[in-house]
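Numbering-wise (the numbering used here), the sequence shown opens with residue 2 and increments by one.
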Amino acid sequence: MSNPVLVEVTRAGRVESRHRGCAIVVDDRGKSLFSLGAIETPVYPRSAVKAMQALPLVESGAADHYGFGNRELALACASHSGEPEHAALAAAMLAKAGLSETALECGCHWPLGEMATIELARTGAKPSQLHNNCSGKHAGFLCTACHRGIDPAGYIQYDHAIQTTVKETMAELSGVSLGVENSGIDGCGIPTFALPLQAIAHGFAKMASGTGLEPIRAGASKKLMDACMAEPFYVAGSKRACTRLMQTAPGRIFAKFGAEGVYCAALPREGIAMALKCDDGADRAAEAMVAALLTRYCKSDAAINEALMAQANRPLKNRNGLDVGTIRVTDALL
């Protein structure tokens, strides 16, 4: 059975494209509050789970040791745009551990941010690993290794102590056994594990509320989520969906996208979290889907609800900036 159509793209009133997907919302006990589609099918959450992957940075004491505040913790959870502030902060994090960009093993790409790419090209500069959208996460891995007295070389490898700790952390949060059999390699080189959406969402719900977690993990989870909500620019960047969603309701919404149409979000006050997957990997659809799901649980605040709905259903513009259609969620999500 195929997943339902959750997002439609129209042009001149005619549906031009359709995006199918699955989604689930759970509370901190793991109870399903809403679900659609094949939620039991494991998916690679990719960058959507970076906050989980950053837990060892805080739990090990490394974050406190190096004096990291909200911006550094947000960057450790980020898929940033490679804007100057992002690259500079990643470099500063590494410097705290006596390292430089050469210690990174995430690879190099042009910034995700268009203006950042244009500025680099204008000056004749080339992108470095600091511009990689995952450089903050990798800086966190390296700082954790240095603080624990672990040789950081090869820290992206499946059997490195850092990745073993990350894997164990994610397994404990999700309740799913993680191993070679359900692993792949992420874009930045680290292992990524296929998990059912329910398990991913439940892990984030526990992080958001602290329910069922040991005090150290509950504290670390709160610290990371609070940091992301306090500094959404460092989680993503200018004009990015994650930034926009968290700025819509400061301190109330945590949101993080992952490659290939994955999105996770949490409402800490309500103790709930959600995870979704757009089948065809389209960011435009995943962004609409997560905004629509959030509206279901923000109905008590009309301004926030309206702002979220405007992100779930938005105009489709052409190169001249004219409205030529819509990107809209279907009734299944509303």
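Glycine included, C-beta positions come from ideal geometry on N, C-alpha and C. Please read all numbers here as calculations on a predicted model, not as lab measurements.
Shown here, T170 sits in a helix according to DSSP, grouped into three states. With a beta-carbon spacing of about 6 Å, C109 and P128 fall inside the 8 Å limit used to define contacts. Going by DSSP, P216 is part of the alpha helix (DSSP H) stretching over P216 to A231. For E60, there is no enclosing beta strand (DSSP E); the enclosing alpha helix (DSSP H) covers residues L56 to E60. Here the C-alpha atom of Y159 lies approximately 24 Å from the C-alpha atom of C265. Cβ-Cβ distances below 8 Å link G155 to E106 and H161 in the same chain, with the five nearest sequence neighbours on each side left out; the list follows chain order. Rounded to the nearest angstrom, the Cβ distance from G38 to G83 is 33 Å, too far for a contact under 8 Å. The criterion of a C-beta distance shorter than 8 Å is not satisfied by A206 and D332.
Counted as a single uninterrupted DSSP element, the stretch harbouring C107 is not any beta strand (DSSP E), since DSSP gives it neither H nor E.
Per DSSP, E120 is one residue of the alpha helix (DSSP H) stretching across E115 to R123.
Under the criterion of beta carbons closer than 8 Å, L268 and C23 do not qualify as touching, at roughly 20 Å. Counting only residues of its own chain and dropping the five nearest sequence neighbours on each side, V27 has a CB closer than 8 Å to the CB of S33, L34, Q199, A202, H203, A206, I273, A274 and M275. The DSSP-derived three-state label of P316 is strand. Around the C-beta of R47, 16 or more other C-beta atoms lie within 10 Å, and the residue is accordingly described as buried.
Take the alpha-carbon of R315 and the one of C135: they are about 29 Å apart. Taking the C-beta atoms as reference points, R253 is found nearer than 8 Å to R270.
Non-local C-beta neighbours of S178 in its own chain, meaning closer than 7 Å and more than five positions away in sequence, comprise A172, ordered along the chain. In the displayed model, T145 falls within a helix according to three-state DSSP.
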